[in-house]
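Trainee:
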């Protein structure tokens, strides 16, 4: 019987050595903190003695430490080795029972433990709160149990039984997790030592090495230190955005149903650390940093990434390389997975399988249930099975290929339905596979053997459990998902498993299974890609199109799915992925159907939209002009397919700066639609909106405003207030108002619309970025410098991150940022950005395009500010001449260039020419824009300055006074333009590129 328990200090120094299995590190940290607060010296010692060391000897080694030994009892503590309960009972009776004063224990599990653990006299810490657990711990060690005062106490580790307030998506804990202590410590230290906003660690290594399992173990060991733990699949951008957005309701954020709004709210909440600053986000399978790095949250929390790609180091992440197991880890793991094997056999198997964790897991699992000896299995690996049965990439060990042949044969013999399910899954993308799409299909649409599997819950569970038993797949948890798009069942298949299964079937089976997956994807098509509420469904579907080889399908429903996904990619801003799909669809369908099939016209339309979105106007013009001419010749000018193609051609012409032809085509298309479909049809409204764009680019702002107002009114009446096209019309109308100088009205509409855009489309959607940029311009024109500055910078940064430096939107935003920086004193930034804009437009559109001319004119103003007057003068005169040739002498862009050119003429000593030019500008501006338009008013103020330069002061004063009066009436006496004019600061005009 154990003797009387003594206080800690009786046996020597006031010291306690905590012995714990790595699994229970959180408990060790909490106990150490509780004891150290009471003056106890604590030493933490992880328990994992080599299997070659007898248990008795390992327990005796614990007594070499000073003070008491406190053992944290859990089932994991006794599984290490593994060693049998019989071995443990002998050792405990031999070493612990005779020396009860040296050993104490706490129990943190309800599982059955070796009977002789009663020798520890353990305090039970299960199913109690932190206060009671601390009291029991202290009582067991003979320490005072009175609570300590809280005043000034630094918070310690969270009580391990207190799970994080928010927890979602985390895989089940792998009870066979082995080793990796140094890697866990390295990741923990890197995250803890990182500064605010820099806590990002990437676990990187080859496929199958156990990165995901390591991340999961990290979560379970250290998760109690966080308020929020959220696991997100990160192998696909769209799915990542959707899953991250699902965190919003868990954080208690008030948002609408649209996942774009949720995503914005989540990222902002994490950045601010409100309501939780201790958060951990796990990005699993992020193998393409360029696809998601811009969406990695910043803030006071931590981000843990798993990836095969070490390029995460270029995105401010610390790298922790995950190698294969060390041999000792391999042996220990195999012994736990297959207890019937000896250490020597485990060593042999590890050698044959090259210590790759995934393969060890799969192989040892079924070896444990098999009569096959390790020697026989290794003989099979050495050549007993045809190596050509499966072929995978050179990244994988050859042994892995053969081992998988053995495993698949085993599955065929036990539960053949599980192999059929695997094969079906191989025609989805690797990673998260929505098998519910298969289960939702009518049984008649499924192959006979699979139909039975899907309709029989018992057979389904048997197949899944067999695959889970051999670690082939894992069931994904959806406890935290709230959207219909993400509910239901899905399984996770590693890409290495996916690749091998895809090669292991006959051509007949391949065709049968791929047809099933294609039909399942088509059945899941919501059918309305313009509805932002359905975008999560498209985000889930699109990654699987490639793997199901949908472009070879002759099924009309599958083809419609492809077209809808292209439309979704265009509207959601996934341009690059959409271009790749569109390019492949064009080639595949031409080969499948021929050049004249209607599907070619359909895919050409969507493909051209995507190309145009990234600025490839010449490429889209060539495609769509050919389609227009062909359809017009074959079907006539009023054919709907022809009109749709003609509408696209008009957009291409706008992008190329060929505005007159664009006007002719746009007008014809609108007239035809009105005659065929009426004024309220969505296609008619789109054509009306497109004509307004053309008029705006031609400088006919009032006509554009009237059309946009009619379109906006109709869309508000016919569509949802939050519909994408309604929001688009709000931007267009607000831009018209601003270009007409109606700044307050423009701001009022755009400010409200920006908020809705963020909620509905998300902050990084291209249309949302356009809305914010126009809001920044509204602030700018209203003289609200601070608000404009913050918004300009933020929008440009996000656009560069999301769309890239050379995207048309990025170029447009950069032009605005440069002008703002020039006017407000940051001349170096203005010049650096402007140089990129000038070269970018010249490369994209050519030197003669109005955007190239306008950007050169803007750059000349920067040169003028840094004293390079002669260079600025030459550049402005060239810009004026080019702009005149491109859009005519009466276009507002030309008039603005002329105002700037007149200023440089004055500076280089030619005031007469300057006065002649501004006088001409006034006449033309009054005719085109009206007497009180801001551009006309600028011309009048500039002309007064030029008249003073040639000493015609009387006329100058008259013109100036009239202009000041009109400025005060139009914009207000205290408006920044009025104040500047009153102080005789010469006005300049900024060229502003517009979306074509």
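Residue numbers (this note's numbering): 2 to 997. The beta carbon of each residue, even a glycine, is placed where N, CA and C say it ideally should be. Quick caveat: nothing in here was measured; it's all calculated off a predicted structure.
Which of the three DSSP states, helix, strand or coil, is assigned to residue 125?
Mentor: Translated into positions along the chain shown, residue 125 becomes position 124. Residue state, collapsed to three classes: strand.
Trainee: Is it the case that the Cβ atoms of residue 953 and residue 903 are separated by a distance below 8 Å?
Mentor: Numbered from 1 along the chain shown, position 952 holds the residue referred to as residue 953. Numbered from 1 along the chain shown, position 902 holds the residue referred to as residue 903. No, Cβ-Cβ distance for residue 953 and residue 903 is not below 8 Å.
Trainee: How many Å lie between residue 552 and residue 786 at the Cα?
Mentor: On the chain shown, position 551 is the one that residue 552 refers to. On the chain shown, position 785 is the one that residue 786 refers to. The straight-line gap from Cα to Cα measures roughly 51 Å.
Trainee: Within its chain, find whatever has a CB closer than 7 Å to the CB of residue 779; leave out the 5 residues flanking it on each side and keep chain order.
Mentor: As a first step, residue 779 is located in the chain shown; it is residue number 778 there, counting from the start. Closer than 7 Å at the Cβ level, and outside the excluded window around residue 779, lie 739, 744, 747, 748, 751.
Trainee: Using the DSSP secondary-structure output, state which residues sit across from residue 493 in a beta bridge.
Mentor: Reading the chain shown from its first residue, position 492 is the one you call residue 493. Bridge partners of residue 493: 433, 475.
Trainee: Pull up the DSSP beta-bridge partners for residue 169, would you.
Mentor: Taking the chain shown and counting its residues from 1, one reaches residue 169 at position 168. Its beta-bridge partners are 231.
Trainee: Is residue 205 helix, strand or coil when you go by DSSP?
Mentor: Position 204 of the chain shown, counted from the first residue, corresponds to residue 205. If DSSP states are grouped into helix, strand and coil, residue 205 belongs with the strands.
Trainee: Going by other Cβ atoms of all chains shown within 10 Å of its Cβ, with 16 needed for buried, is residue 860 buried or exposed?
Mentor: Locating residue 860 in the chain shown gives position 859, counting from the first residue. Classification of residue 860: buried, given that the 10 Å Cβ count is 16 or more.
Trainee: Along the chain, where does the beta strand (DSSP E) containing residue 47 start, and where does it finish?
Mentor: Taking the first residue of the chain shown as position 1, residue 47 is located at position 46. Residue 47 -> beta strand (DSSP E) spans 42-47.
Trainee: Based on the DSSP output, what are the partners of residue 108 in its beta bridges?
Mentor: Your numbering for residue 108 matches position 107 in the chain shown. 74, 125.
Trainee: What's the C-alpha gap between residue 309 and residue 293?
Mentor: As a position in the chain shown, residue 309 is number 308, starting the count at 1. As a position in the chain shown, residue 293 is number 292, starting the count at 1. Distance between the alpha carbons of residue 309 and residue 293 is about 14 Å.
Trainee: Below 8 Å on the Cβ atoms is my contact criterion, and I expect residue 725 with residue 533 to pass it. Report the Cβ-Cβ distance as a whole number of Å.
Mentor: As a working note, residue 725 is residue 724 in the chain shown. As a working note, residue 533 is residue 532 in the chain shown. Their Cβ separation, rounded to whole angstroms, is 6 Å, which keeps residue 725 and residue 533 in contact under 8 Å.
Trainee: Thinking just about the alpha-carbon of each residue, which of 950, 755, 934 is nearest to the one in residue 965?
Mentor: To locate residue 965, count along the chain shown from 1; it is residue 964. Of 950, 755, 934, the residue nearest in Cα terms is 934.
Trainee: So the beta strand (DSSP E) residue 285 belongs to, where does it begin and stop?
Mentor: Residue numbering aside, residue 285 sits at position 284 when the chain shown is read from its first letter. Segment 280-285, the beta strand (DSSP E) holding residue 285.
Trainee: CB-CB under 7 Å to residue 603, same chain, minus the five flanking residues each way: which ones, in chain order?
Mentor: One-based indexing of the chain shown puts residue 603 at position 602. Closer than 7 Å at Cβ, skipping near neighbours: 564.
Trainee: By how many angstroms is the C-alpha of residue 921 removed from the C-alpha of residue 949?
Mentor: Walking along the chain shown from the start, residue 949 turns up at place 948. Walking along the chain shown from the start, residue 921 turns up at place 920. Each residue's alpha carbon lies about 17 Å from the other.
Trainee: What residues in its chain sit with their C-beta under 7 Å from that of residue 28, if we drop five residues either side in the sequence?
Mentor: By 1-based counting over the chain shown, the position of residue 28 is 27. So the qualifying residues of the chain are 21, 73, 109, 161.
Trainee: Tell me which residue opens and which closes the beta strand (DSSP E) that residue 319 is part of.
Mentor: For this step, residue 319 is matched to residue 318 along the chain shown. Taken as a continuous stretch (DSSP letters only), the beta strand (DSSP E) holding residue 319 covers 319-322.
Trainee: Distance check for residue 637 and residue 600, CA to CA, integer angstroms please.
Mentor: Mapped onto the chain shown, residue 600 falls at position 599. Mapped onto the chain shown, residue 637 falls at position 636. Approximately 18 Å between the Cα atoms of the pair.
Trainee: Going by the beta-carbon positions, is the gap between residue 940 and residue 968 smaller than 8 Å?
Mentor: The residue you call residue 940 lines up with position 939 of the chain shown. The residue you call residue 968 lines up with position 967 of the chain shown. Not a contact, by the Cβ cut-off of 8 Å.
Trainee: Between the beta-carbon of residue 350 and the beta-carbon of residue 375, is there less than 8 Å?
Mentor: Working through the chain shown from its first residue, we reach residue 350 at position 349. Working through the chain shown from its first residue, we reach residue 375 at position 374. Yes. Within cutoff.
Trainee: Would DSSP call residue 303 helix, strand or coil?
Mentor: In the chain shown, counting from the first residue as 1, residue 303 sits at position 302. Looking at residue 303 - three-state DSSP - the assignment turns out to be strand.
Trainee: Any idea which residues DSSP pairs residue 19 with across the strands?
Mentor: Taking the first residue of the chain shown as position 1, residue 19 is located at position 18. The partner list for residue 19 (beta bridge, DSSP) reads 45, 71.
Trainee: Would you check if the segment 766-784 and the segment 971-979 touch, i.e. whether three or more CB-CB distances between them fall below 8 Å?
Mentor: Yes: the two stretches touch, three or more of their Cβ pairs being nearer than 8 Å.
Trainee: Can you tell me whether DSSP reads residue 840 as helix, strand or coil?
Mentor: On the chain shown, residue 840 is found 839 positions in, with the first residue counted as 1. Helix, per DSSP.
Trainee: Please list the terminal residues of the continuous alpha helix (DSSP H) segment that includes residue 602.
Mentor: The count along the chain shown starts at 1 and reaches residue 602 at position 601. Per DSSP, residue 602 belongs to the alpha helix (DSSP H) from 599-614.
Trainee: Which residue or residues does DSSP assign as beta-bridge partners of residue 308?
Mentor: Here residue 308 is taken as the residue at index 307 of the chain shown, counted from 1. Paired residues: 205.
Trainee: If you reduce the DSSP assignment to three classes, tell me which class residue 807 lands in.
Mentor: Here residue 807 refers to the residue found at position 806 when the chain shown is read from its first residue. Correct three-state label for residue 807: coil.
Trainee: Any beta-carbon of chain C closer than 8 Å to the one on residue 156?
Mentor: Among the chains of the structure shown, chain C does not appear; only one protein chain is present.
Trainee: Just the C-alpha distance for residue 925 and residue 703, rounded to the nearest angstrom, thanks.
Mentor: Mapped onto the chain shown, residue 925 falls at position 924. Mapped onto the chain shown, residue 703 falls at position 702. Whole-angstrom Cα-Cα distance: 16 Å.
Trainee: State buried or exposed for residue 1, treating a residue as buried only when at least 16 other CB atoms are found within 10 Å of its CB.
Mentor: Nothing can be reported for residue 1, as the shown portion of the chain is limited to 2 through 997.
Trainee: Taking a contact to mean a Cβ-Cβ separation below 8 Å, would you say residue 323 touches residue 185 in this structure?
Mentor: On the chain shown, position 322 is the one that residue 323 refers to. On the chain shown, position 184 is the one that residue 185 refers to. Against a cut-off of 8 Å, the Cβ pair of residue 185 and residue 323 comes out as no contact.
Trainee: Taking the alpha helix (DSSP H) that residue 31 belongs to, which residues open and close that run?
Mentor: Sequence index remark: in the chain shown, residue 31 carries index 30 (1-based). Unbroken alpha helix (DSSP H) run through residue 31: 26-37.
Trainee: Along the chain, where does the alpha helix (DSSP H) that runs through residue 642 open and close?
Mentor: Numbered from 1 along the chain shown, position 641 holds the residue referred to as residue 642. Per DSSP, residue 642 belongs to the alpha helix (DSSP H) from 641-656.
Trainee: Roughly how far, in whole angstroms, is the beta-carbon of residue 201 from the beta-carbon of residue 128, given that I think they are within contact range, below 8 Å?
Mentor: The sequence position of residue 201 within the chain shown is 200, counting from 1. The sequence position of residue 128 within the chain shown is 127, counting from 1. 37 Å between Cβ atoms; not a contact.
Trainee: Do residue 658 and residue 851 count as a contact pair if the criterion is CB distance below 8 Å?
Mentor: Locating residue 851 in the chain shown gives position 850, counting from the first residue. Locating residue 658 in the chain shown gives position 657, counting from the first residue. Closer than 8 Å, so yes.
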